[in-house]
Amino acid sequence: MATLPTGVKVPDSSDSWNLINDLTEMGLSANRVRSANSAQEAQAIVDALASTTHPASLTEPLVVYRADINQLYVHNGSGWKSIQAGGVAGENKRLGTNGIVTIGNLSIDTPLIYKFGNYRSTPNFCAYGNTYFDVISFAKPFPTECINIQITPTWQSGDSLEPIVFDGVSKAGFRPFIVGKNVLSNIYSFNYMAVGR
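Okay, so the sequence shown: first residue is 1079 according to our numbering, each after it adds one.
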């Protein structure tokens, strides 16, 4: 990006083409796009404009760059909408006792949030004819609730690949278990995806 004498940054012929980043940098330097470090700061800008002669509206929307999540949002007078491709909330987490560690966490404001990961471990205990694993806790709990969890078994060191179900679901995590199995020595691996809001 080249900087004009006015301080506005514009694309330069030597730049690699990156439309979203170029527009974001140009907008921020021109002071036409406001920057905020949280959803609360962004909403405070909308609230402050509401009492002026130029509130956010369909004809004059407010564009805010959320620096905390590197996303552009627009407020049209009635609500926020991401205006960037790839604005999907999620969390990729890998857990277990066999050396797999957390590899990342991404969470942004959207109507639905997705959290996914891989678990590989031996079960924790047997009770009521079932085999239970440790509780899987999300790095960042869902703000409101966990709506659904999908578990896909990927590997087992025993005789057959057992279906893995869950209980104890909360916005902070869930506990997987195997129905009708009482074996603690097998190693299990499964992928999970949780959907919440």
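Cβ atoms here follow ideal geometry from the backbone N, Cα and C, with glycine treated the same way.
None of these values were measured; they are calculated from a predicted model.
inquiry  = If I measure Cβ to Cβ from Thr1230 and keep anything under 7 Å in the same chain, skipping five residues before and after, which residues do I get?
reply    = Phe1268, Asn1269
ask   = Taking just the CA atoms, how far does Gly1246 sit from Lys1193?
value = 17 Å
inquiry  = Determine whether the beta carbon atoms of Val1273 and Leu1190 lie at a separation below 9 Å.
reply    = yes
query = What are the start and end residues of the beta strand (DSSP E) that includes Leu1150?
reply = 1149-1153
task = Compare the C-alpha of Val1141 against each of Ile1123, Ile1147, Ser1129 and name the closest.
result = Ile1123
request  = Would you please state the rounded distance, in angstroms, between the beta carbons of Gly1155 and Ser1129? I believe it to be under 8 Å.
outcome  = Actually they are not in contact, since the Cβ atoms of Gly1155 and Ser1129 sit about 14 Å apart, beyond 8 Å.
query = Taking the C-alpha atoms as reference points, what is the distance between Pro1139 and His1153?
reply = 6 Å
request  = Leaving out five residues on either side along the sequence, give the residues of the same chain with a beta carbon under 7 Å from the beta carbon of Ala1120.
outcome  = Ala1114, Val1142, Arg1144, Tyr1151
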